[in-house]
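Engineer: The structure that follows is given in the form of structure tokens.
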């Protein structure tokens, strides 16, 4: 999947909610997910790491929109 496709998917699924939430709250959620990714990297399984990486990528795509 290309990055533009990810952004389009995120816009279709969450665009309205993302705009209502606003950039500051979206950044806060992204930071929280980055912390969870860091923790999974230190102590988690590969499955947990991939899950958290997916969350980070989703919040980053939401922020980029």
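Residue numbers (this note's numbering): 26 to 90. Glycine residues also receive a C-beta, built at the ideal position from the N, C-alpha and C atoms. Quantities reported herein were computed from a predicted structural model and do not represent experimental measurements.
Ordered along the chain, which non-local residues of its own chain (more than five positions away) have a Cβ less than 7 Å from that of residue 86?
Structural biologist: For residue 86, where only same-chain residues beyond five positions count, the Cβ hits under 7 Å are 31, 32, 35.
Engineer: Run through DSSP, which three-state label would residue 60 get?
Structural biologist: Reduced to three states, the DSSP call for residue 60 is helix.
Engineer: Is residue 65 buried or exposed, if buried means 16 or more other CB atoms sit within 10 Å of its CB?
Structural biologist: Its Cβ being crowded by 16 or more others within 10 Å, residue 65 is buried.
Engineer: Since residue 84 contacts residue 61 with CB under 8 Å, what's their CB separation in whole angstroms?
Structural biologist: 11 Å between Cβ atoms; not a contact.
Engineer: Suppose you measure from the CA of residue 63 to the CA of residue 79; what does that come to, to the nearest Å?
Structural biologist: Approximately 13 Å, taken between the alpha carbons.
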